[in-house]
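Here is the structure we will look at, set down as structure tokens.
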Amino acid sequence: MYNTKEIEKKWQNFWKEKKLFNASNVSEQEKYYILVEFPYPSGSGLHVGHVRSYTALDAIARLKRMKGYNVLFPMGWDAFGAPAEQYAIKNQIHPKIAVEENIKVFKGQLESMGYSFDWEREFSTTDPEYYKWTQWQFLKFYEKGLAYKAEKEINWCPNCKTGLSNEDAAGGVCERCGTKTEKKLKNQWMLKMTSYADRLIDGLKETEFLDKIKTAQINWIGKSTGASVNFKLNGLEEELEVYTTRPDTLFGVTFMVISPEHKILETYKNKIQNLAEVEKYQTLAKQKTEIERTDVTKEKTGVKLEGLEAINPLNNKQIPIYISDYVLANYGTGAIMAVPAHDERDYAFAKKFNIEIIPVIEEITGSPKENEEKKKSIVAVLYDETKDKYLTINWASLGGRLFIGGTRKENETIVECAKREIKEETGYTNIELITEILPINHHYYAYNKDKYYEIDSTGLLFKLIDDTKIEQQLEEDEKFTIEWVDKNTILKEVKDELHIKTFNNVLNPSPYTGDGKMINSEFLNGLTNKNDSINKMIEYLEANKLGHKTTNYRLQDWIFSRQRFWGEPIPMIHCEKCGWVKVPEDELPLLLPEVTAYEPTETGESPLASITEWVNTTCPECGAHATRETDTMPNWAGSSWYWLRYMDAKNDKCFADFDVLKYWGMVDLYNGGMEHATRHLLYARFWHQFLYDQGLVPTKEPFKKRVAHGMILGENNEKMSKSKGNVINPDDMVKTYGADALRTFEMFIGDYEKDASWSENGLKGCKRFLDRIYRLKDKLNDKDSYTESLENIINKTIKKVTEDIETMNFNTAVSALMILTNEYEKTETITKEDYRTLLTLLNPIAPHITEELVEISNLGTPICETPWPTYDETKMIDSIVNIAVQINGKLRGSMEVPNNTDKEELIRLAKELDNVQKHLLDKEIIKEIVVPNKIVNLVVK
RNA sequence: GCAGGCGUGGCGAAAUUGGCAGACGCACUAGACUUAGGAUCUAGCGGAGCAAUCCAUGGGGGUUCAAGUCCCUUCGCCUGCACCA
504 MYNTKEIEKK WQNFWKEKKL FNASNVSEQE KYYILVEFPY PSGSGLHVGH
554 VRSYTALDAI ARLKRMKGYN VLFPMGWDAF GAPAEQYAIK NQIHPKIAVE
604 ENIKVFKGQL ESMGYSFDWE REFSTTDPEY YKWTQWQFLK FYEKGLAYKA
654 EKEINWCPNC KTGLSNEDAA GGVCERCGTK TEKKLKNQWM LKMTSYADRL
704 IDGLKETEFL DKIKTAQINW IGKSTGASVN FKLNGLEEEL EVYTTRPDTL
754 FGVTFMVISP EHKILETYKN KIQNLAEVEK YQTLAKQKTE IERTDVTKEK
804 TGVKLEGLEA INPLNNKQIP IYISDYVLAN YGTGAIMAVP AHDERDYAFA
854 KKFNIEIIPV IEEITGSPKE NEEKKKSIVA VLYDETKDKY LTINWASLGG
904 RLFIGGTRKE NETIVECAKR EIKEETGYTN IELITEILPI NHHYYAYNKD
954 KYYEIDSTGL LFKLIDDTKI EQQLEEDEKF TIEWVDKNTI LKEVKDELHI
1004 KTFNNVLNPS PYTGDGKMIN SEFLNGLTNK NDSINKMIEY LEANKLGHKT
1054 TNYRLQDWIF SRQRFWGEPI PMIHCEKCGW VKVPEDELPL LLPEVTAYEP
1104 TETGESPLAS ITEWVNTTCP ECGAHATRET DTMPNWAGSS WYWLRYMDAK
1154 NDKCFADFDV LKYWGMVDLY NGGMEHATRH LLYARFWHQF LYDQGLVPTK
1204 EPFKKRVAHG MILGENNEKM SKSKGNVINP DDMVKTYGAD ALRTFEMFIG
1254 DYEKDASWSE NGLKGCKRFL DRIYRLKDKL NDKDSYTESL ENIINKTIKK
1304 VTEDIETMNF NTAVSALMIL TNEYEKTETI TKEDYRTLLT LLNPIAPHIT
1354 EELVEISNLG TPICETPWPT YDETKMIDSI VNIAVQINGK LRGSMEVPNN
1404 TDKEELIRLA KELDNVQKHL LDKEIIKEIV VPNKIVNLVV K
């Protein structure tokens, strides 16, 4: 019917020659900056996933241009990094050449899709003219003290033989090859990202990122507020500093835990009596991978330090210190105060090592009243293992089924009290204590005494050893029967809040981490609000110089060194005399040397280290012999400012002219994968905020709106991969069905943000749709304006498609165009204007075929040079509307009436319908509901 | 465990935000044109029923004249973070 290949080539050349998509840096028009993450030009070429996001943003770019915006929609290459280096090693060619080849292929594929990129601004991060400025910006970080060299335990990938940032080694696995990472002490360049932690959180307010992206960033930064508290070491000057978010529980501290790497272990080596055991544990901890160490499900391990003890600064009690790998060296101070009563991990550790548990917060049940009488009491659960039943006392109508309860007498311990109550009320004497759980603060009203009570109730679980029984000693008002029942009966019949809660707690003892009433805590006792308790404790700590309020972050500084060849050389020189010295700015770019071997070395040094003629240099300060830094920058460096370069890509005086940066401002719409939500997006924002602080860029935040596309899965619903053999090559699809069909299908495939499965039949369907549009040209008549009967739907479709593309609901935009096409097909003949509008609306999604049809049908100027159609609301009003008629909410009929028929008339007409009359027989209408132009609902009895 | 999201035909999905559930497309069925069909056109297509009608948006409950949409509860799936003190 028509040759897609020829048509596509023809129009791609047309756009190119006319330079239609080149943005201007000087314009009266309003600007709109659309950015899609630039690809890594890998050897395997374009993926159908790229097609989805590029087409989506291309559609928006084309629409915005037709709406009169000065649109910047650039494209470039993120080409430094390991894959190019691997490829170069394997094929023994320079990575630069491999990258050039790949870019050529990739660019050809993008051009074959007809994207409206501004190719005049194209660059690669590997171009010396580009990485000159990446290096220059690094020097700015260094000048401001935000780039520093530090000896640090880093994540080391033994397979890639390079260090990784925390972001690249999330979960203890190398992001690139999946190898478990190790810890390695290395001297690294670091960027002080932590000093921007708060700004990175606050700045999100100025953006319109998707909520899930904002949340992911906030989680990654992991800000928490709490207190730093100093614990004295018994008999020593030094204090052990801990970070806690729960200073309110300080009176409940019964031990401390430090990480196996903590420095006091080295400092007080000679004080530790069980050093051998401690060192053995340290070695074990080091050997574990990050994954093994942070496995939440594994049992707690640790060693008690003999010879070192800490002192709780609040009550001067001596408490033991343990080392355990559940305390991380790199968070907080690497040491914690442990409150087993109110922390899951400390609780598990205390249970395992049999450490005292002191409750300081009581859960509150019931509702507190004024003038309550206070009591201490117990609730005891007695379990008979042989019968698998629990002892209850049944008060029947006097209070239902309960466990044994009672009030504690003066000088009686909790356990004594419980045993006494069991004996008195039931007669059983041969019992054994299993568990005692944390107390509950319970409030209730006693009818028999007409009094409100506040009780501190401790729950206990006992096991029956044998049936030995003495006679019950009951008081006169104790009229109940004792009954052994199973668990289900209890869950069904025990209604009292305190008793059922106690039952659940004794069966499943756990720390209490919620809000409650403070106990055992001197000046905090009685407080019931967590924040009040925390604030009061911090006041106390600060007044007594025992600690202070502080903030902590999960985010750490950015490890910026990589031991690789294919990256930007870090422009620093080390001089024996002057220390670290910057490469002078006029010597930038500091080029990568020409070498023959790119393999990473076994020593953990970058391949650059072996190129002595490059490494050896003179100190720019004193002229003495000096050596260059041989590590290179991470892959993320080049992508941390590339959107700025697009604005002024050919500038050789600075990275971008300030006035140009001001004109383009923030990126209006930025699309990329969800996998970059916490890495690229955090690095880029940090970098940009730094440049803003230096007065180098005019906006606080780089990106206004960030959206993320869903993945295109294989036809079998699995992620496309070579090994699964479900990879779809876009080139093949373009060859068979044409670029327009592929573009249309990927827009129609489903919700843009959700994953979608590939379907070649679906693609065929879209090709059919385009063919049907093609055939419409044979229905053209010679009239100019819209066909009257189509005016309504045309205007509606213009509105729908415009809104849908702008809000990225591409699937419904395509669907609306299909509906319009169906209408055209049902109409005898269509006008040029009818046809032109349909083609224009489809043009952002299928640009080639629509332009071709405009030309061969003589519809006038090419679409890309004419404005976007507007709609007329008055033409969208339906003269006749369909009204649904319901009786009691069930559909019983429908009717066609003129628009805006009044309520009374609608009810009258509704009642005339045959089926309605049938349902009204012998019924009384009690209510008539009318929603004009929509529905009539008659409520009958 | 915490946070965010999702659950609608055989499949991908719509639903003007509380107003006729399943638009549009795929697959399928029947028919037409045809030497032929991976072309095109016509009709059908959630389930049950001859029908009137009834049942259906993961399950249960509620609010309402009216619920896919709002509230409570429960189950299942996906994503991110995860011994972060």
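Position 866 of the first sequence, counted from 1, bears residue number 1369 in our numbering, the numbering being contiguous throughout.
Just so you know, even glycine gets a beta-carbon here, dropped at the ideal spot from N, CA and C.
Distance between residue j and residue i (C-alpha atoms, nearest Å)
i, j, result
"Cys-1122", "Cys-1078", "6 Å"
"Gly-584", "Leu-768", "40 Å"
"Trp-1371", "Thr-1364", "13 Å"
"Ile-1296", "Leu-1345", "15 Å"
"Asp-1375", "Glu-1336", "15 Å"
"Glu-604", "Gly-1141", "20 Å"
"Glu-780", "Lys-966", "38 Å"
"Lys-807", "Ile-826", "6 Å"
"Thr-1271", "Leu-1216", "For the record, residue 1271 in the displayed sequence is Arg; it is not Thr. So the alpha carbons of these two residues sit roughly 23 Å apart."
"Ala-1445", "Tyr-543", "Examination of residue 1445 is not possible in this model, given that the chain is present from 504 through 1444 alone."
"Glu-981", "Ala-899", "12 Å"
"Glu-1355", "Ile-510", "7 Å"
"Pro-661", "Thr-682", "8 Å"
"Thr-1340", "Glu-1358", "14 Å"
"Ile-839", "Asn-833", "12 Å"
"Pro-843", "Lys-803", "13 Å"
"Glu-1263", "Trp-636", "45 Å"
"Asn-1312", "Pro-1401", "32 Å"
"Ala-564", "Lys-1085", "42 Å"
"Glu-632", "Ile-704", "33 Å"
"Gly-1050", "Gly-738", "20 Å"
"Ala-582", "Arg-1182", "17 Å"
"Ile-1438", "Gln-1389", "7 Å"
"Tyr-1186", "Ala-1180", "10 Å"
8 Å CB neighbourhood of residue i in its chain, flanking five on each side removed
i, result
"Lys-791", "Asp-828"
"Glu-876", "Lys-954, Tyr-955, Tyr-956, Glu-957"
Contacting residues, own chain, Cβ-Cβ under 6 Å from residue i (five flanking each side not counted)
i, result
"Glu-473", "Residue 473 lies beyond the range of the chain shown here (504 to 1444); nothing can be said about it."
"Cys-1367", "Leu-523"
"Ala-1112", "Thr-1133"
"Tyr-451", "An answer regarding residue 451 cannot be provided, because it is not within the stretch 504 to 1444 covered by the chain."
"Gly-1241", "Thr-507"
"Ala-601", "Ala-587, Tyr-590, Ala-591"
"Lys-998", "Gly-903"
Member of the options whose CA lies at the smallest distance from the CA of residue i
i, options, result
"Glu-740", "Tyr-771, Leu-713, Val-756", "Tyr-771"
"Thr-1135", "Arg-1148, Leu-1093, Asn-1312", "Leu-1093"
"Lys-519", "Gly-738, Asp-621, Phe-1068", "Asp-621"
"Ala-526", "Lys-1238, Ile-1231, Ala-1152, Val-554", "Ala-1152"
"Leu-831", "Val-760, Glu-979, Cys-660, Pro-942", "Val-760"
"Leu-894", "Met-840, Lys-990, Asn-914, Glu-802", "Lys-990"
"Asn-1391", "Val-884, Ile-1037, Glu-1427, Gly-1029", "Glu-1427"
"Leu-778", "Thr-757, Phe-758, Glu-809, Glu-764", "Glu-809"
"Thr-1054", "Val-745, Lys-687, Thr-558", "Val-745"
"Thr-1343", "Ile-1333, Glu-1326, Thr-1305, Thr-1332", "Thr-1305"
"Gly-666", "Lys-647, Lys-513, Phe-1063", "Phe-1063"
Spatial neighbours of residue i in its chain, beta-carbon cut-off 7 Å, leaving aside the 5 residues before and after
i, result
"Glu-1108", "Gln-1066, Thr-1133"
"Tyr-1056", "Thr-697, Ala-700, Ile-724, Gly-725, Lys-726"
Completely contained alpha helix (DSSP H) runs for the region 536-585, where each covers 4 or more residues: 551-569
The region 1008-1018 touching the region 859-873, judged by at least three CB pairs closer than 8 Å: yes
Sufficient close CB pairs (3 or more, under 8 Å) joining the region 963-976 to the region 930-940: yes
Length-filtered (3 minimum) beta strand (DSSP E) runs lying within the region 1095-1121: 1119-1121
The region 695-708 touching the region 1155-1165, judged by at least three CB pairs closer than 8 Å: no
Residue ranges of each beta strand (DSSP E) within the region 841-877, 3 or longer: 864-868
Cβ contact (3+ pairs, closer than 8 Å) linking the region 1027-1036 and the region 617-632: no
The region 718-732 contacting the region 747-763, beta-carbon criterion three pairs below 8 Å: yes
The region 549-563 contacting the region 1218-1236, beta-carbon criterion three pairs below 8 Å: yes
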